[in-house]
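**Student:**
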Amino acid sequence: MNAIDGNGLLLQMRALAARAQGGVSETVSPKASGGVDFSRVLRGALDSVNNTQQTARSLATRFDAGDPSVDLSQVMISMQKSNVSFQAATQVRNKLVSAYQEIMNMPI
Numbered sequence: 136m137n138a139i140d141g142n143g144l145l146l147q148m149r150a151l152a153a154r155a156q157g158g159v160s161e162t163v164s165p166k167a168s169g170g171v172d173f174s175r176v177l178r179g180a181l182d183s184v185n186n187t188q189q190t191a192r193s194l195a196t197r198f199d200a201g202d203p204s205v206d207l208s209q210v211m212i213s214m215q216k217s218n219v220s221f222q223a224a225t226q227v228r229n230k231l232v233s234a235y236q237e238i239m240n241m242p243i
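This note's numbering puts the first residue of the sequence shown at 136, with every later residue one more than the last.
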């Protein structure tokens, strides 16, 4: 049984917190005007959610097949990460739709 690396998990959580507080990802390239390309940031975030879901699905499939190198704890943690990232993406989408509707309802 593999032990969960507490330090590694803590480092990942700190990196995610820094990114959430406005840190720029290495996949984001600033434009010439000094801004950030929103579509690239959004694409990177959605790709990250997709990768997390694929990893969780792969681990679950391997565990179901009886792979001795995959522990139940790994599968459950991976599934929870996938769930949290999907919920966060859904909330961001909801906020974007709400902001768009608010802008469209502004009088000219």
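Every residue gets a Cβ at the ideal spot worked out from N, C-alpha and C, and that includes glycine.
Report the residue from 235, 224, 241, 230 whose alpha carbon sits nearest the alpha carbon of residue 184.
**Tutor:** The residue you call residue 184 lines up with position 49 of the sequence shown. Of the candidates 235, 224, 241, 230, the one whose C-alpha sits nearest the C-alpha of residue 184 is 224.
**Student:** Is residue 171 helix, strand or coil when you go by DSSP?
**Tutor:** Here residue 171 refers to the residue found at position 36 when the sequence shown is read from its first residue. It is a strand residue.
**Student:** Along the chain, where does the alpha helix (DSSP H) that runs through residue 238 open and close?
**Tutor:** Counting from one through the sequence shown, the residue named residue 238 turns up at place 103. 207 to 239 is the extent of the alpha helix (DSSP H) around residue 238.
**Student:** Out of curiosity, what's the CA-to-CA distance linking residue 199 and residue 227?
**Tutor:** In the sequence shown, counting from the first residue as 1, residue 199 sits at position 64. In the sequence shown, counting from the first residue as 1, residue 227 sits at position 92. The straight-line gap from Cα to Cα measures roughly 33 Å.
**Student:** Are the beta-carbon atoms of residue 196 and residue 216 separated by less than 8 Å?
**Tutor:** What you label residue 196 is simply residue 61 of the sequence shown in a count that begins at 1. What you label residue 216 is simply residue 81 of the sequence shown in a count that begins at 1. The answer is no: Cβ separation not under 8 Å.
**Student:** Report yes if the C-beta distance between residue 191 and residue 214 is below 8 Å; otherwise report no.
**Tutor:** As a first step, residue 191 is located in the sequence shown; it is residue number 56 there, counting from the start. As a first step, residue 214 is located in the sequence shown; it is residue number 79 there, counting from the start. Against a cut-off of 8 Å, the Cβ pair of residue 214 and residue 191 comes out as a contact.
**Student:** Could you give the DSSP three-state label for residue 202: helix, strand or coil?
**Tutor:** Residue numbering aside, residue 202 sits at position 67 when the sequence shown is read from its first letter. Three-state result, residue 202: coil.
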